[in-house]
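K.L.:
The structure is given below, and queries will be raised subsequently.
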């Protein structure tokens, strides 16, 4: 962990943050901290028996989910996966709604019809994905297609994991997006494991970014624990898509620091990987960058953490108190009227 | 472009309806393999590219999963895609997005999913086991999909228009054997025909034949033949499998007290099983005989004519079954 310098030395922005808008940087930090706080709270809720089924978290994915989402406009489309709580929160999803989804509550975005991580909201331009990713990738090409069809300059950012890249819909979506020059940004969150399957059994490519060349689109590999690197790479891809120049592929390398879900002790993971990545906590790393650049001071950082903790606690209280759904209307809405 | 000459084929009728909906609603577009320059494998979209341009007539790579998912995404945010599968046999490649994305999205979220999937299906063209399939039962089991199977040029037009205007994912199955064999006897009306309304295409007293798609024509021909023997057959064309117009079927069977179900899909768990079970539940005390199903053998569809004819229901078998049930 980097040593925090004293406040006297933090007057001028360090080159690491350049001339970026300090408010944007503080906002990214705030949402990364909030994401971690909500997920830490939910891990405790899982252990305490508050949740149905298992809990899928995105520890060490915060720089990707928030860093990438922060490069979008609110009217851009988002097709996230289960490690992307940060992107949902950035868009305006409430933590209590996410908790309610994991509890099957009436107040979850699907009213308890779906659960766990299936909590997208179209009013926030977020697609609510099915379980088997990257089924969200072809859907993301459709949202981008609609934007282009209407002459709008909206783009669609879709996430998947390293494991997803093996599926046909990954290939078909990238093929369609490239030949149709769709405003898509595809983000592969390489967290080293597809459930228990290590990277070497998933892909023999030198990287996932390298696959972009075969589709005729730019591919870039970034440090997925570095929020600024993620934000910059996404912003560049978004600008390209918005300008009508077509899709891009970004690979963000990080580590899945919890099991596939909380029921999974993940004892198949190499100890060395955990040790290596324990030193690369994206939330801490970004906080240190901002502290060193003088964008944030210790008191403010502490306040952000405490606010996030309290927010997560209040969210749990609300979600717990929320009602369960009424089964009386379960057959309604199979079809739209 | 298709023009209505007063004797439009079934295929022309599909094209006429699609053309009129694309004229009417700028959010409607057609996407699929070879639908543009080539005009589609069966030429339903011949001339569409010139008229509507590549923005609305979208040629795709061979990527059924991809373009079906694309249609889902486009529909979610307000467009009304019409997906063409080159053959219904290839729809299995898109099983995942159809079942897991299209069919259940509205129920999960309340979001709209107005996607129409057109697919030429069925046998008798000597096209073999992976170009002749009847796929309706795979999908009829999935809540959230509508299934439309027109049997006449007029129904092909009116039901396609309703499918495109419907806010649900709709599987619209075109009988490719009928494409150029059936002609309308007059101009095609481009008024929508509501989904979920069966049609009694022939009134009869003694027995009800419940069927759809090509079965309607087989049924009508055989009904004329049996009429000479004094057997009066009522023919019900269900037209849409989901939603199913149970009321019309029940009304007919309560009148005739005998029912036979006919389709060219394989018998085991074919849609006839659903119809037969429904009749049994709703009309048991009105029935004089058990409900009998006529369907294809439980084999893949073979290529060679004598083999295919042995698998798909033939007129002699249909006539004999109807006679037997009517006179028992």
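Chains as they are written, first to last, in the working numbering: chain G, 133 to 469; chain L, 530 to 857.
All residues carry an ideal CB built from backbone N, CA and C; glycine is no exception.
Output needed in chain order: residues of the stretch 608–637 of chain L with a Cβ under 7 Å from some Cβ in chain G.
P.N.:
Of all residues in the stretch 608–637 of chain L, 608, 625, 626, 629, 630, 635, 636 and 637 have a Cβ within less than 7 Å of some Cβ in chain G.
K.L.:
Check the Cβ-Cβ distances between residue 606 of chain L and every residue of chain G, and say whether any is below 7 Å.
P.N.:
The sequence position of residue 606 of chain L within the second chain is 77, counting from 1. Cβ-Cβ to chain G under 7 Å: yes for residue 606 of chain L.
K.L.:
Just how far apart, CA to CA, sit residue 448 of chain G and residue 236 of chain G?
P.N.:
As a working note, residue 448 of chain G is residue 316 in the first chain. As a working note, residue 236 of chain G is residue 104 in the first chain. Cα-Cα distance, rounded: 14 Å.
K.L.:
I want to verify the contact list: residues of chain G whose CB lies under 8 Å from the CB of residue 603 of chain L, in sequence order.
P.N.:
Within the second chain, the letter at position 74 stands for residue 603 of chain L. In chain order: 274, 275, 277, 278 and 281.
K.L.:
Classify residue 856 of chain L: buried if its beta carbon has 16 or more other beta carbons within 10 angstroms, exposed otherwise.
P.N.:
Walking along the second chain from the start, residue 856 of chain L turns up at place 327. By the neighbour-count rule (16 or more Cβ atoms within 10 Å), residue 856 of chain L is not buried but exposed.
K.L.:
For residue 814 of chain L, does the count of other Cβ atoms within 10 angstroms reach 16, so buried, or fall short, so exposed?
P.N.:
Here the question's residue 814 of chain L lines up with position 285 in the second chain. Per the 10 Å Cβ criterion, exposed.
K.L.:
If you compare alpha carbons, which of L:853, L:820, L:846 and L:798 is closest to residue 827 of chain L?
P.N.:
On the second chain, residue 827 of chain L is found 298 positions in, with the first residue counted as 1. The shortest C-alpha separation from residue 827 of chain L is found at L:798.
K.L.:
So with CB distances below 8 Å, who are the chain L contacts of residue 466 of chain G?
P.N.:
Here residue 466 of chain G corresponds to residue number 334 of the first chain, with the count starting at 1. Those are 635, 636, 672 and 673, listed as they occur along chain L.
K.L.:
When burial is assigned at 16 or more other CB atoms within 10 Å of the CB, is residue 757 of chain L buried or exposed?
P.N.:
Translated into positions along the second chain, residue 757 of chain L becomes position 228. Exposed.
K.L.:
For the alpha helix (DSSP H) that contains residue 170 of chain G, what are its first and last residues?
P.N.:
On the first chain, position 38 is the one that residue 170 of chain G refers to. Residues 154–179.
K.L.:
Buried or exposed for residue 135 of chain G, please, with buried defined as at least 16 other CB atoms from any protein chain shown within 10 angstroms of its CB.
P.N.:
Taking the first residue of the first chain as position 1, residue 135 of chain G is located at position 3. Note that residue 135 of chain G has pLDDT 42, beneath the 50 cutoff, so the model's placement of it is unreliable and no number is given.
K.L.:
So does the stretch 374–388 of chain G actually touch the stretch 332–347 of chain G, counting three or more Cβ pairs closer than 8 Å?
P.N.:
The answer is yes - the stretch 332–347 of chain G touches the stretch 374–388 of chain G, with three or more Cβ pairs under 8 Å.
K.L.:
With H, G and I counted as helix, E and B as strand and the rest as coil, what does DSSP make of residue 298 of chain G?
P.N.:
Along the first chain, one-based indexing puts residue 298 of chain G at 166. Helix.
K.L.:
Between residue 626 of chain L and the rest of its own chain, which residues show a CB-CB distance below 7 Å, the 5 nearest in sequence each way excluded?
P.N.:
Here residue 626 of chain L refers to the residue found at position 97 when the second chain is read from its first residue. These residues qualify, in order along the chain: 594, 597, 598 and 601.
K.L.:
Verify the CB distance criterion: does residue 839 of chain L have a CB-CB separation below 7 Å to chain G?
P.N.:
Here residue 839 of chain L is taken as the residue at index 310 of the second chain, counted from 1. It does not; no Cβ of chain G falls within 7 Å.
K.L.:
Starting from the N-terminal side, write out each stretch of the beta strand (DSSP E) that is 3 residues or longer and does not extend beyond the stretch 647–700 of chain L.
P.N.:
Fully enclosed beta strand (DSSP E) runs of 3 or longer: 675–677.
K.L.:
Measuring only between beta-carbons, confirm whether residue 536 of chain L sits less than 7 Å from chain G.
P.N.:
On the second chain, residue 536 of chain L is found 7 positions in, with the first residue counted as 1. No, residue 536 of chain L does not count as interfacial toward chain G.
K.L.:
So, are the CB atoms of residue 222 of chain G and residue 451 of chain G less than 7 Å apart?
P.N.:
Within the first chain, the letter at position 90 stands for residue 222 of chain G. Within the first chain, the letter at position 319 stands for residue 451 of chain G. Contact flag unset, no.
K.L.:
Assess contact between the stretch 258–272 of chain G and the stretch 647–655 of chain L, defined as three or more Cβ pairs (one per stretch) separated by less than 8 Å. Is contact present?
P.N.:
The stretch 258–272 of chain G is not in contact with the stretch 647–655 of chain L.
K.L.:
Decide if residue 176 of chain G is buried, meaning its Cβ has at least 16 other Cβ atoms within 10 Å, or exposed.
P.N.:
Start at 1 with the first residue of the first chain, and residue 176 of chain G comes out as number 44. Exposed: under 16 other Cβ atoms inside 10 Å.
K.L.:
Using a beta-carbon distance below 7 Å, is residue 316 of chain G in contact with chain L?
P.N.:
Within the first chain, numbered from 1, the residue matching residue 316 of chain G stands at position 184. No, no contact with chain L.
K.L.:
Is it true that the CB of residue 695 of chain L sits closer than 7 Å to the CB of residue 768 of chain L?
P.N.:
The sequence position of residue 768 of chain L within the second chain is 239, counting from 1. The sequence position of residue 695 of chain L within the second chain is 166, counting from 1. No, the pair does not count as a contact, with Cβ atoms beyond the cut-off.
K.L.:
Pull up the CB-CB distance for residue 544 of chain L and residue 573 of chain L, whole angstroms please, since I reckon it's below 8 Å.
P.N.:
Numbered from 1 along the second chain, position 15 holds the residue referred to as residue 544 of chain L. Numbered from 1 along the second chain, position 44 holds the residue referred to as residue 573 of chain L. That pair is a contact at about 5 Å.
K.L.:
Any chance you could list the alpha helix (DSSP H) runs of at least 4 consecutive residues sitting entirely within the stretch 576–628 of chain L, in chain order?
P.N.:
DSSP runs (the alpha helix (DSSP H)) wholly in the stretch 576–628 of chain L: 577–581 and 593–605.
K.L.:
Counting only Cβ-Cβ distances shorter than 7 Å, please list the residues of the stretch 581–593 of chain L near chain G, keeping chain order.
P.N.:
For the stretch 581–593 of chain L, which is checked against every Cβ of chain G, the residues closer than 7 Å are 584, 589, 590 and 592.
K.L.:
Go through its chain and collect everything with a Cβ distance to residue 325 of chain G's Cβ below 6 Å, but skip five positions before and after it.
P.N.:
Here the question's residue 325 of chain G lines up with position 193 in the first chain. Around residue 325 of chain G: 388.
K.L.:
Could you check the C-alpha separation between residue 193 of chain G and residue 297 of chain G for me, to the nearest Å?
P.N.:
Here residue 193 of chain G is taken as the residue at index 61 of the first chain, counted from 1. Here residue 297 of chain G is taken as the residue at index 165 of the first chain, counted from 1. So the two alpha carbons sit approximately 18 Å from each other.
K.L.:
Name the chain L residues that come within less than 8 Å of residue 267 of chain G, Cβ to Cβ?
P.N.:
To locate residue 267 of chain G, count along the first chain from 1; it is residue 135. Simply 598, 625, 626, 629 and 630.
K.L.:
Hey, is residue 139 of chain G's beta-carbon within less than 7 Å of any beta-carbon in chain L?
P.N.:
Against the first chain, residue 139 of chain G aligns to sequence position 7. Summary for residue 139 of chain G: the model assigns pLDDT 43, below 50, so the residue's position carries little reliability, and this model does not support an answer.
K.L.:
Under the rule that 16 or more other beta-carbon atoms within 10 Å means buried, what is residue 633 of chain L, buried or exposed?
P.N.:
Taking the first residue of the second chain as 1, we reach residue 633 of chain L at position 104. Classification for residue 633 of chain L: buried.
K.L.:
Between residue 367 of chain G and residue 232 of chain G, which are expected to be in contact by the criterion C-beta below 8 Å, what is the C-beta distance as a whole number of angstroms?
P.N.:
Your numbering for residue 367 of chain G matches position 235 in the first chain. Your numbering for residue 232 of chain G matches position 100 in the first chain. Contact doesn't hold; Cβ gap of about 32 Å is too wide.
K.L.:
Nearest-angstrom Cα distance between residue 371 of chain G and residue 558 of chain L?
P.N.:
On the first chain, position 239 is the one that residue 371 of chain G refers to. On the second chain, position 29 is the one that residue 558 of chain L refers to. The alpha-carbon atoms of residue 371 of chain G and residue 558 of chain L are separated by roughly 27 Å.
K.L.:
Rounded to whole angstroms, what's the CA-CA distance from residue 833 of chain L to residue 840 of chain L? Just pull it up for me.
P.N.:
By 1-based counting over the second chain, the position of residue 833 of chain L is 304. By 1-based counting over the second chain, the position of residue 840 of chain L is 311. Each residue's Cα considered, the two are about 11 Å apart.
K.L.:
Residue 265 of chain G by DSSP, collapsed to three states: which one?
P.N.:
Stepping through the first chain from its first residue, residue 265 of chain G is reached at position 133. Here residue 265 of chain G sits in coil by DSSP.
K.L.:
Flag this pair as touching only if the stretch 575–584 of chain L and the stretch 244–260 of chain G have three or more C-beta atom pairs under 8 Å; answer yes or no.
P.N.:
Touching, no.
K.L.:
Out of L:852, L:672 and L:823, point me to the one whose CA is closest to residue 843 of chain L's CA.
P.N.:
Here the question's residue 843 of chain L lines up with position 314 in the second chain. The residue with the shortest Cα to Cα distance from residue 843 of chain L is L:823.
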